[in-house]
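Colleague: Chains as they are written, first to last, in the working numbering: chain A, 1253 to 1659; chain B, 971 to 1218.
Below you can see the structure in the form of C-alpha cells.
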C-alpha cells in the first residue's frame, strides 16, 4: 500500500476535517483560477484595445523619437505615400495607415474651442481601428474624408454643433502661419475618455494636409500585422527596407507607445499578487492547524507505525502525502467550482465601473485561462506541502515510547 | 504457523541460531531514568537480561517496577541512559534511527495491551503492513497474511476493519501482525489486560504454540498470573532491578 493510498484512507476517516480543509483549498484554487482568468482577459482586452488604437508598429522620423516638435510636422515623415507602399510590401504587414497629429482651434463662428486633431485615411482607419465603432451620432468619414470632420461628443457639445453643421478649423502650418479650413460635421464620436472627448477632432489626411499646407508629410505610419507575424522581425525588416529607400526612420513597438498598458499590468500584478500572497498565507495557516491536529490525534498510531519498523522518513511522507492529496482533491473541486462561477459571471452582464478618466465601464468577462489553473494547482500543492511539512516533521521525530502512551 | 526467522535478515545484524550462539537480544547493565519535575526517577537500574531463541519469558512485578521500560529497551523502542542493549551481540546503541527501525521491522514483533491496530486498514492489511515495509511482493503478502489470520482463527475476517472486531479478535490480528515478518522475538506488553478470561486463555495458548512450533521467543511484561503460569522462565522486577530470574 502506497503512502498516498494510506493518506487517502486517513483523509476519508476524518471526513469532516478533510471537507473543511478541502473547501479552503478549493476556494483558494477557485480564487486563483478566476482571478487569473479575469486578469488574462483584462490584459488581452487592454492589449487589443491598445493595438487597435496605436497599431502594432509605428514608423516615424528618427528625430521624432528623441526630439520634441516646436512646429507642426517639424519631424514628420516626408514622401509618406512611397514609404507607405514600401512598408505595405512586407510579407508580415496587413495594413499601413498614415496619421497626422496636430493641434488647433475649432470655431462655430461664435465660440472657439482648442482641439487635438488627427488626420486619417478614413477607409483603412475604420477597418483597422475602433474609429468607426466610436461614432454615436451621424457617420464616420468616408472616401478620402473630403471636407468632413468627426468631433468628440464633448467638443460638439462645447461648440453646440451636430452632424450636418459646419465648423471652421484653425491650425498653424509648419512655417508658423495660421491657416483655416471649413468642414462639415459628419459624426460625433465617444472616445471613452472624457478629456479626449472634449478635444477630439478627426479629419481626412487630405483635408489635414490642406489645413497644414504640407502635402506628402505625415506624423507617422501606423502598421498592423498579419496574424502570427513576428513583431520584432517585421520591425527590423521595415527599418531595413525604408532605410535602404533613403528614409531615416525608427520603428516603434506598441508596448513602447502604450505606457498605460505597462502601468495597468504592473498595477494588476501588484494587487492580485498581494491578494494571492494573503490567500496562500491563509491556506498555510489553516492547513498547518488541521495537520497539527491530525498529528496530535494520531500520535499513538504514529508510535505503533514506528514500533513496527516504519522509518521516520516514511512517517514524514505519509503526512506530506495527506497534504498533497487534500491539495489535489481540493483543486479538482475548486476547478469545477471556478468553471461554474465563470459561466455565471460571464452570463450575469455585470458592468465593471469605468477606470479613472474613462467614460464607460466594461462587462465582466472571466476567461478560461489554463495557465491560471495550472499555477493554482502548483501553488496549492506547494502550500499544502509547506503547511504539512512541520507537523509531519514533528510526527516523524516523535518518541516511540511517549507516542505509544499518548492519550 | 510461520517458522522462527533464520538469523540474518536485511537490517545488517545477523541474529544467532543454535544453543551456543549469543542471545537474540540482551540488556547489559542497562539503566533508564525519567525526569519528573526536578527529580530523576530510576525506572530500570543496572539490569542485565538476555533472551534466547524459543524462550517464553514473563517479566512480572508490581506497577512501577520497570517491566514496560525494560521491554521497551529490549525492543529498541527506547534507549538506555546507561549500559547497553545488544541485538545478536551487536550494541544497538550505535545504530541509527533507520537501522533500529529496520531491526524492529525484520526481527521483532510487538503486541500491545490496547492492540494498536491501524484503524484505516482491514485485518488483512494490518497483518500485511510490516511486510510492505520489508518489500514483500503483494501476492506473497496476501497469501501469508491470510495464512496467519487463518492460524489465529480469523478466517473470513480478512477485509474487516478493527472497529468491527471484538477485543479478542483484535488481539489475534495484532498477534498475526507481530508474526508477519517471521520475527525472532515478540515483545508483548500486557497482551491479556483488555481481554476476558476465556479469550485471554486462548490468546496465550496461541502464543505458546507459536513459540514451541516456530522457535519464536516471547517476552511478556505482565501482571497476569495466567501468563506467568504458562511462562517457562519468569523474571521478577522490583524498583527497576531484577529480583529473581527462574527457569521452569
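C-beta: ideal position from N, C-alpha, C; glycine also. Note that the coordinates shown come from a computational prediction; the quantities given were computed from them, not determined experimentally.
Using a beta-carbon distance below 7 Å, is residue 1164 of chain B in contact with chain A?
Modeller: Not one chain A Cβ lies under 7 Å of residue 1164 of chain B.
Colleague: In angstroms, rounded to a whole number, what distance separates the CA positions of residue 1383 of chain A and residue 1295 of chain A?
Modeller: Going by the C-alpha atoms only, they are around 21 Å apart.
Colleague: Give the single residue among A:1292, A:1550, A:1437, A:1343 whose Cα lies nearest to the Cα of residue 1481 of chain A.
Modeller: The option with the nearest alpha carbon to residue 1481 of chain A is A:1343.
Colleague: On the three-state DSSP scale, how would you describe residue 1127 of chain B?
Modeller: It is coil, neither helix nor strand.
Colleague: Using 7 Å as the limit for Cβ to Cβ distance, is residue 1049 of chain B near chain A?
Modeller: Taking Cβ atoms only, chain A never reaches closer than 7 Å to residue 1049 of chain B, which makes this a no.
Colleague: Just checking: is the beta-carbon of residue 1551 of chain A within a distance shorter than 7 Å of some beta-carbon in chain B?
Modeller: No, its Cβ sits nowhere closer than 7 Å to a Cβ of chain B.
Colleague: Report the three-state DSSP secondary structure of residue 1071 of chain B (helix, strand or coil).
Modeller: Three-state result, residue 1071 of chain B: helix.
Colleague: If you measure between the beta carbons of residue 1628 of chain A and residue 1284 of chain A, is that distance less than 7 Å?
Modeller: Against a cut-off of 7 Å, the Cβ pair of residue 1284 of chain A and residue 1628 of chain A comes out as a contact.
Colleague: Provide the residue span of the alpha helix (DSSP H) that contains residue 1638 of chain A, from first to last.
Modeller: Per DSSP, residue 1638 of chain A belongs to the alpha helix (DSSP H) from 1622 to 1648.
Colleague: Using the beta-carbon count (16 or more within 10 Å), is residue 1355 of chain A buried or exposed?
Modeller: With fewer than 16 Cβ atoms within 10 Å of its Cβ, residue 1355 of chain A is classed as exposed.
Colleague: Please classify residue 1313 of chain A as buried or exposed, where buried requires at least 16 other C-beta atoms within 10 Å of its C-beta.
Modeller: Counting Cβ neighbours within 10 Å, residue 1313 of chain A comes out buried, since at least 16 surround it.
Colleague: Would you say residue 1559 of chain A lies against chain B (beta-carbon separation less than 7 Å)?
Modeller: Yes, contact with chain B.
Colleague: Since residue 1311 of chain A is in the alpha helix (DSSP H), which residue starts that stretch and which ends it?
Modeller: Premise fails: residue 1311 of chain A lies in the beta strand (DSSP E), 1309 to 1313, not in any alpha helix (DSSP H).
Colleague: Near residue 1652 of chain A, which residues of its chain fall below 6 Å by C-beta distance, leaving aside the five closest residues on each side in sequence?
Modeller: Counting only Cβ-Cβ distances below 6 Å, and skipping sequence neighbours, we find 1555, 1558, 1559.
Colleague: Could you confirm whether any beta carbon from chain B is found closer than 7 Å to the beta carbon of residue 1652 of chain A?
Modeller: Closer than 7 Å to some Cβ of chain B, the Cβ of residue 1652 of chain A qualifies, so yes.
Colleague: Can you find the residues in the same chain that come closer than 7 Å, C-beta to C-beta, to residue 1346 of chain A, ignoring five residues on each side of it along the sequence?
Modeller: The residues are 1476, 1477, 1478.
Colleague: Between which two residues does the beta strand (DSSP E) carrying residue 1472 of chain A extend?
Modeller: Counting along the chain, the beta strand (DSSP E) containing residue 1472 of chain A begins and ends at 1472 to 1477.
Colleague: Using a Cβ-Cβ cut-off of 7 Å, state whether residue 1173 of chain B counts as contacting chain A.
Modeller: Not an interface residue.
Colleague: According to the neighbour-count rule (16 or more other Cβ atoms, all chains shown, within 10 Å of its Cβ), is residue 1077 of chain B buried or exposed?
Modeller: With 16 or more other Cβ atoms within 10 Å, it is buried.
Colleague: From residue 1490 of chain A to residue 1334 of chain A, what does the alpha carbon distance come to, in whole angstroms?
Modeller: Distance between the alpha carbons of residue 1490 of chain A and residue 1334 of chain A is about 13 Å.
Colleague: On the three-pair Cβ rule with 8 Å, is the segment 1051 to 1060 of chain B touching the segment 1129 to 1148 of chain B?
Modeller: Cβ pair count under 8 Å is below three, so no.
Colleague: Any C-beta of chain B within less than 7 Å: which residues of the segment 1261 to 1287 of chain A qualify?
Modeller: The residues in question are 1261, 1262, 1265.
Colleague: Determine which residues share a DSSP beta bridge with residue 1030 of chain B and list them.
Modeller: For residue 1030 of chain B, which the question treats as bridged, DSSP gives the partners B:1192, B:1206.
Colleague: Spatial neighbours of residue 1210 of chain A within its chain, please: CB distance less than 7 Å, with the 5 preceding and 5 following residues excluded, ordered by chain position.
Modeller: What is shown of chain A runs 1253 to 1659, which leaves residue 1210 of chain A out entirely.
Colleague: Where do the N-terminal and C-terminal ends of the beta strand (DSSP E) with residue 1548 of chain A fall, by residue?
Modeller: First-last for residue 1548 of chain A: 1511 to 1549, but that is the alpha helix (DSSP H), not the beta strand (DSSP E).
Colleague: Starting from residue 1449 of chain A, trace the alpha helix (DSSP H) in both directions and tell me its first and last residue.
Modeller: Taken as a continuous stretch (DSSP letters only), the alpha helix (DSSP H) holding residue 1449 of chain A covers 1446 to 1449.
Colleague: Would the beta-carbon of residue 1571 of chain A fall within 7 Å of that of residue 1640 of chain A?
Modeller: Yes, the pair counts as a contact, with Cβ atoms nearer than the cut-off.
Colleague: Out of A:1649, A:1362, A:1527, A:1279, point me to the one whose CA is closest to residue 1579 of chain A's CA.
Modeller: Nearest of A:1649, A:1362, A:1527, A:1279 to residue 1579 of chain A, Cα basis: A:1279.
Colleague: Report yes or no: is there a C-beta of chain B within less than 7 Å of the C-beta of residue 1640 of chain A?
Modeller: Not closer than 7 Å to any Cβ of chain B, the Cβ of residue 1640 of chain A fails to qualify, so no.
Colleague: Along the beta strand (DSSP E) that carries residue 1400 of chain A, what are the first and last residues, could you check?
Modeller: Residues 1400 to 1404.
Colleague: Which of helix, strand or coil does DSSP assign to residue 977 of chain B?
Modeller: For residue 977 of chain B, the pLDDT reaches just 37, beneath the cut-off of 50, and the residue's location in the model is therefore unreliable, although a value from the coordinates is still provided. Of the three classes helix, strand and coil, the one that applies to residue 977 of chain B here is coil, per DSSP.
Colleague: When you compare only the Cα positions, how much space is there between residue 1510 of chain A and residue 1377 of chain A?
Modeller: If you take the alpha carbons of residue 1510 of chain A and residue 1377 of chain A, they lie about 19 Å apart.
Colleague: Along chain B, in chain order, which residues have C-beta atoms closer than 7 Å to that of residue 1564 of chain A?
Modeller: Going along chain B in sequence order, the residues near residue 1564 of chain A (Cβ under 7 Å) are 1067.
Colleague: Check whether the Cβ of residue 1570 of chain A lies closer than 7 Å to any Cβ atom in chain B.
Modeller: Judged by the 7 Å Cβ criterion, residue 1570 of chain A is not in contact with chain B.
Colleague: Check each residue of the segment 1088 to 1108 of chain B: if its Cβ is closer than 7 Å to any Cβ of chain A, include it; give the result in chain order.
Modeller: So the list reads 1088, 1089, 1090, 1095, 1099, 1100, 1102, 1103, given in the order they occur along the chain.
Colleague: For the segment 1501 to 1509 of chain A against the segment 1314 to 1321 of chain A, are there 3 or more C-beta pairs whose distance is under 8 Å?
Modeller: At 8 Å Cβ cutoff, the stretches touch.
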